[in-house]
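Read through the structure below, which is laid out as structure tokens, and then see the notes.
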Amino acid sequence: MTQPINHPIHIVIVGGVAGGASAAARARRLSETARITIFERGEHISFANCGLPYHIAGTISDRGKLLVQTPEAMRRRFGIDVRTQTEVLAIDPAARTVRVRSRVDGAEQSVSYDYLVLSPGAEPVRPPIPGADHPLVRTLRNMADMDAIKAIIDEHRPERAIVVGGGYIGLEMTEALVQRGVSVSLLVRGPQLMGHADPEMTEPLNAELLRHRVDLRLGTSLQQLTPEPQGLRAFLSDGSEIKAGLVILATGVRPEATLAREAGLAIGERGGISVDEAMRTSDPRIFAVGDAVEVIDYVGGQPALIPLAGPANRQGRIAADNIFGRDSRYDRTQGTAICKVFDLAIGMTGQSEKALRRAGRACEKIYVHPASHAGYYPGAHPLSLKLLFDPADGRILGAQAVGADGIDKRIDVLAVAIRAGMTVFDLEELELAYAPPYGSARDPINQAGFAAANVLRGDVSLAHADQLDTLSDQELLLDVRSPAECTGGMIPGSINIPLDQLRDRLEEIPRDRELIVSCQVGLRGYLACRILSQHGFACRNLSGGYKTWLQTRPFTLAGPA
Ligand code: FAD
Numbered sequence: 000m001t002q003p004i005n006h007p008i009h010i011v012i013v014g015g016v017a018g019g020a021s022a023a024a025r026a027r028r029l030s031e032t033a034r035i036t037i038f039e040r041g042e043h044i045s046f047a048n049c050g051l052p053y054h055i056a057g058t059i060s061d062r063g064k065l066l067v068q069t070p071e072a073m074r075r076r077f078g079i080d081v082r083t084q085t086e087v088l089a090i091d092p093a094a095r096t097v098r099v100r101s102r103v104d105g106a107e108q109s110v111s112y113d114y115l116v117l118s119p120g121a122e123p124v125r126p127p128i129p130g131a132d133h134p135l136v137r138t139l140r141n142m143a144d145m146d147a148i149k150a151i152i153d154e155h156r157p158e159r160a161i162v163v164g165g166g167y168i169g170l171e172m173t174e175a176l177v178q179r180g181v182s183v184s185l186l187v188r189g190p191q192l193m194g195h196a197d198p199e200m201t202e203p204l205n206a207e208l209l210r211h212r213v214d215l216r217l218g219t220s221l222q223q224l225t226p227e228p229q230g231l232r233a234f235l236s237d238g239s240e241i242k243a244g245l246v247i248l249a250t251g252v253r254p255e256a257t258l259a260r261e262a263g264l265a266i267g268e269r270g271g272i273s274v275d276e277a278m279r280t281s282d283p284r285i286f287a288v289g290d291a292v293e294v295i296d297y298v299g300g301q302p303a304l305i306p307l308a309g310p311a312n313r314q315g316r317i318a319a320d321n322i323f324g325r326d327s328r329y330d331r332t333q334g335t336a337i338c339k340v341f342d343l344a345i346g347m348t349g350q351s352e353k354a355l356r357r358a359g360r361a362c363e364k365i366y367v368h369p370a371s372h373a374g375y376y377p378g379a380h381p382l383s384l385k386l387l388f389d390p391a392d393g394r395i396l397g398a399q400a401v402g403a404d405g406i407d408k409r410i411d412v413l414a415v416a417i418r419a420g421m422t423v424f425d426l427e428e429l430e431l432a433y434a435p436p437y438g439s440a441r442d443p444i445n446q447a448g449f450a451a452a453n454v455l456r457g458d459v460s461l462a463h464a465d466q467l468d469t470l471s472d473q474e475l476l477l478d479v480r481s482p483a484e485c486t487g488g489m490i491p492g493s494i495n496i497p498l499d500q501l502r503d504r505l506e507e508i509p510r511d512r513e514l515i516v517s518c519q520v521g522l523r524g525y526l527a528c529r530i531l532s533q534h535g536f537a538c539r540n541l542s543g544g545y546k547t548w549l550q551t552r553p554f555t556l557a558g559p560a
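If you want it as structure tokens, here you go:
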């Protein structure tokens, strides 16, 4: 039990951006008498980290717009003592003090607290690449990083930049640099962009990058950098070399847990600060929030590091609530995220198929490729939606979507569905806003629900693209698209009988083989399967059709193999 406090309590907050500023503002709303001090080692508080690439791009031209709150405004409105350029060096939990040092004059002092909130964020991982300590090699985390990158672009006008890492910061920086007229080589060590997503859902991003002349190199890592008169020479794992005037390292982040670790606070198995649902650390007077903490994955239940702005903001508020005796609880993290890649967006919520399989969890999946809104209304774009669900009860486990329009709303609906514990049967019933410019009478969400529920009700069995490489001679691929569509490409080994001729040509189809039925996106294949199964054929529909099959082909510069 913590001792009662008989004086106006003093809350000290380490880090004044997403989680820290939220905790401070909430604390003030709950108490007019508390002393609240923020220590921020940078020059700014409450800046929009997520907007940094867009200022570099020039999309947000006014730098000041990124400063959501200034220290002065925070003092005036919330009566919060904001000490910027002041680093917290150490915590003494027994004495309830922190040791801080001014970055301006080096002065150190000890400051006591009643409650401490740690929101120090995460630090960019810098892989140990020889030559990566060169000033033209940068990471992006804060305003100073942004200013430095922008200054290099403005002053040196590099012809080419190398971006290392294909996560959202790497992709946003790639787009920003292209927008600034810089050619980009994007190096991704693994086989796909956006490592948290399933590979086939990232395939459209590859094409989008190529369309914008990005030199995309999957499966390629940066080995060494050497200085050149005009910049740097990069040596890559495939033996090639690239000259560049700027290198951005976007190879992930790790929690800033050093202060907590040195203070003896419990650290979780993934390296983040351990907290309970109240965001309390192993010391009852110390809370921790944001990118620095380990959370519980909403679907999988395992400890996870999921560094996102929404969770950081909510956790800051919850920590403040609990300091003032309110019983607020943080209920796990779903990993709902979205990233703009030129004219496409990719979004995800819940678990990916690969994460579910890694955890040994049973899952089924469907793909649909509907239009973002009614196809007859101008401006509709195709989107690809993958839904993962529990084959036993239909509970939704995860979703990913990619396309030019309407990705955010579909992912947000599915994020809510996961939170609400909904099943695919609930998705069939959802009544969503519809008029032709915005959606369809059967929204893509409903369509995904129908497709998944059809499987669980036994109306159709599914085949998946990744199973087609190992077909036996007991199986036969039947493509039910039109011959004209088939001239554009077919799954090797398929025979073609268009859907509209199927009833008349049933005698051409062998009855001793299981049919794997495919069409363009899976809908006509489903209709064909309904016909075939009622005529006694064994058949499975290829989920997502030829389009999904193409997305699962290994990516090559020449297009799908
Ligand atoms: P931060 O906001 O990073 O704040 C931590 C602060 O603590 C820093 O300012 C740091 O200087 C300070 N600090 C650390 N140690 C000390 C110390 N010892 N003493 C004093 N101060 C200290 N998330 C999304 O959900 N969507 C997005 O689109 C998105 N885009 C992003 C784009 C970029 C370029 C970046 C960098 C991040 C993006 N994020 C995005 C992630 C999001 O910004 C973070 O999840 C969020 O800011 C985490 O909040 P935080 O309070 O934990 O850490």
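Residue 76 in numbering that gives the first Met the number 0 sits at position 77 of the sequence shown; the count goes up by one each step and never skips.
We treat Cβ as the ideally placed atom computed from N, Cα and C, and that holds for glycine.
None of the values given here were measured: they were computed from a predicted structure.
So, helix, strand or coil for residue i, using DSSP?
i: P553; result: coil
i: G166; result: coil
i: A440; result: coil
i: Y433; result: coil
i: F388; result: strand
i: E513; result: strand
i: T335; result: coil
i: Y114; result: strand
i: P123; result: strand
i: Q399; result: strand
i: G346; result: strand
i: C561; result: As displayed, the chain neither begins before 0 nor continues past 560, which places residue 561 out of reach and without an answer.
i: N5; result: coil
i: D275; result: coil
i: V367; result: strand
Determine the closest residue to residue i out of the options, with distance taken between C-alpha atoms.
i: N540; options: R523, V181, H534, K353; result: R523
i: A567; options: E154, K149, A196; result: Any answer about residue 567 is impossible in this case: the structure gives the chain only from 0 up to 560.
i: A26; options: V181, Q223, R82, N312; result: N312
i: P369; options: T547, I515, E506, G397; result: T547
i: R480; options: R356, D326, L461, V516; result: V516
i: T551; options: V13, E202, E430; result: E202
i: A537; options: M489, P482, E507, E474; result: E474
i: G41; options: D132, E276, T83, G299; result: T83
i: L563; options: G488, L477, A47, Q519; result: Residue 563 is absent from the model: the chain starts at 0 and stops at 560.
i: F554; options: V187, A160, S471; result: V187
By how many angstroms is the C-alpha of residue j removed from the C-alpha of residue i?
i: Q314; j: L185; result: 34 Å
i: L235; j: L192; result: 18 Å
i: A379; j: P435; result: 9 Å
i: A303; j: I395; result: 20 Å
i: L264; j: I272; result: 8 Å
i: A373; j: G346; result: 21 Å
i: L307; j: G18; result: 10 Å
i: D425; j: Q446; result: 12 Å
i: F77; j: S101; result: 23 Å
i: G558; j: L215; result: For G558, the predicted model reports a pLDDT of 43, less than 50, meaning its position is unreliable; a value from the coordinates is still stated below. So the two alpha carbons sit approximately 12 Å from each other.
i: H195; j: G165; result: 10 Å
i: M145; j: R456; result: 53 Å
i: V177; j: T348; result: 28 Å
i: V11; j: T332; result: 26 Å
i: G535; j: V401; result: 37 Å
i: A358; j: L429; result: 30 Å
i: A233; j: A206; result: 24 Å
i: I44; j: E352; result: 38 Å
i: R328; j: A24; result: 18 Å
i: T85; j: A277; result: 27 Å
i: L498; j: R529; result: 11 Å
On the CB-based measure, 16 or more other CB atoms within 10 Å of its CB, does residue i come out buried or exposed?
i: K64; result: exposed
i: P129; result: exposed
i: D282; result: buried
i: Q500; result: exposed
i: S493; result: buried
i: E39; result: buried
i: V183; result: buried
i: I285; result: buried
i: Q68; result: buried
Check whether the stretch 114-122 and the stretch 248-260 are in contact - that is, three or more C-beta pairs closer than 8 Å.
Touching, per the Cβ criterion.
Does the stretch 91-109 come close enough to the stretch 43-54 to have 3 or more Cβ pairs within less than 8 Å?
no
Requested in this report: Please confirm if the stretch 218-238 is in contact with the stretch 105-112, defined as three or more CB-CB distances below 8 Å between the two stretches.
Outcome: no
How about the stretch 165-172 and the stretch 338-352: do they share at least three Cβ pairs that are nearer than 8 Å?
yes
Touching or not, the stretch 399-412 and the stretch 455-474, by the rule of three or more beta carbon pairs under 8 Å?
no
### Task
Inspect the CB distances between the stretch 240-256 and the stretch 135-142 and report whether three or more fall short of 8 Å.
yes
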